[in-house]
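Engineer: Numbering (this note's numbering), first residue to last: 2 to 264.
Just dropping this structure here.
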């Protein structure tokens, strides 16, 4: 603002005024004129800049104060919602455990399915609330998720899951990979032996890759739309900025997805 003010004054008084009236605003040597304009303009502009900055900061303070107040209200509401949500899952887990105990001897396969369902719900409800989770738990969650589709389709289930690499204590963003698995299982064709779906996960020391390929069920929508996909993109952008690759390719018959990000 100070430099702009000085420039405008110089243009008006030392260029335009000099051209039409052949006079200077200051009776000084030309060598000192620019310095004088900067100094003089600073004296005039500084107060205006200072006052306007103070007013701006006061407005921003009030705005941020209102936002903080609203965030506190939303935080309290979220705590109450979480408390209510924890009551129902606790009752549900106890009920599932009772079913598991009753069926363990007579129907072991059904009991196994109930146990896996309980593990799935517990992971989503409690454990996966953390921002990052061990790869092993995410892989176990994926395998349990696929297990129920395998039970549903039995011999017609056609998903080839391949996991390569060493699974140790690496941490990844929670519930990132399951988005791709869910996309295949819910929206792709997974019960045709001539058109099997493929899921491949590669784990190295520095990065992890997941790629999926499946034939398209034309009645469904894929990764190019939906809240889940937008949420994944936003999370990846916040965590990894530009150091990740997310791609999706759709043809008339197939859909492919690919994700790579550092560990």
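We treat Cβ as the ideally placed atom computed from N, Cα and C, and that holds for glycine.
Can you tell me which of the three DSSP states residue 180 falls into?
Structural biologist: helix
Engineer: Could you pull the DSSP bridge partners for residue 161 from this structure?
Structural biologist: According to the DSSP secondary-structure assignment, residue 161 is paired through a beta bridge with 199.
Engineer: Counting along the chain, where does the beta strand (DSSP E) carrying residue 173 start and finish?
Structural biologist: Membership of residue 173 in the beta strand (DSSP E) is indicated by the continuous run 172-174.
Engineer: Spatial neighbours of residue 119 within its chain, please: C-beta separation below 8 angstroms, excluding the five flanking residues on both sides.
Structural biologist: 94, 97, 98, 101
Engineer: With DSSP run on the structure shown, which of helix, strand or coil describes residue 72?
Structural biologist: helix
Engineer: Alpha carbon to alpha carbon, what distance is there between residue 76 and residue 191?
Structural biologist: 42 angstroms
Engineer: Taking its Cβ as the centre, do 16 or more other Cβ atoms sit within 10 Å of residue 50, making it buried, or is it exposed?
Structural biologist: exposed
Engineer: Sort 244, 240, 216, 245 by Cα distance to residue 256 and report the nearest one.
Structural biologist: 216
Engineer: Ends of the beta strand (DSSP E) at residue 258?
Structural biologist: Where residue 258 is concerned, the enclosing beta strand (DSSP E) stretches over 255-263.
Engineer: Between residue 26 and the rest of its own chain, which residues show a CB-CB distance below 6 angstroms, the 5 nearest in sequence each way excluded?
Structural biologist: 14
Engineer: How should residue 134 be labelled, buried or exposed, when 16 other C-beta atoms within 10 angstroms of its C-beta is the threshold for buried?
Structural biologist: buried
Engineer: Going by the beta-carbon positions, is the gap between residue 200 and residue 182 smaller than 8 angstroms?
Structural biologist: yes
Engineer: By how many angstroms is the C-alpha of residue 36 removed from the C-alpha of residue 44?
Structural biologist: 13 angstroms
Engineer: Span of the beta strand (DSSP E) holding residue 213?
Structural biologist: 208-216
Engineer: Which residues bound the beta strand (DSSP E) around residue 247?
Structural biologist: 246-251
Engineer: Go ahead and pull the three-state DSSP assignment for residue 140.
Structural biologist: helix
Engineer: With distances taken from CA atoms, which of 12, 145, 210 is nearest residue 262?
Structural biologist: 210
Engineer: Cα-Cα, which of 24, 214, 254 is closest to residue 248?
Structural biologist: The residue with the shortest Cα to Cα distance from residue 248 is 214.
Engineer: Closest to residue 158 by CA distance: which of 187, 245, 40, 21 is it?
Structural biologist: 187
Engineer: Quick check on the burial criterion: 16 or more other C-beta atoms within 10 angstroms. Buried or exposed for residue 12?
Structural biologist: Taking all protein chains in view, the Cβ of residue 12 is surrounded by fewer than 16 other Cβ atoms within 10 Å, so the residue is classified as exposed.
Engineer: Between which two residues does the alpha helix (DSSP H) carrying residue 111 extend?
Structural biologist: Where residue 111 is concerned, the enclosing alpha helix (DSSP H) stretches over 109-126.
Engineer: Which of the three DSSP states is assigned to residue 204 in this structure?
Structural biologist: Under the three-state reduction of DSSP output, residue 204 falls in the strand class.
Engineer: Let's test the definition: count the other Cβ atoms within 10 Å of the Cβ of residue 149 and tell me whether it reaches 16, buried, or not, exposed.
Structural biologist: With fewer than 16 Cβ atoms within 10 Å of its Cβ, residue 149 is classed as exposed.
Engineer: Express the C-alpha separation of residue 106 and residue 112 in angstroms, rounding to a whole number.
Structural biologist: 8 angstroms
Engineer: Starting from residue 134, follow the beta strand (DSSP E) in both directions and report where the run begins and ends.
Structural biologist: Note, residue 134: beta strand (DSSP E), 133-135.
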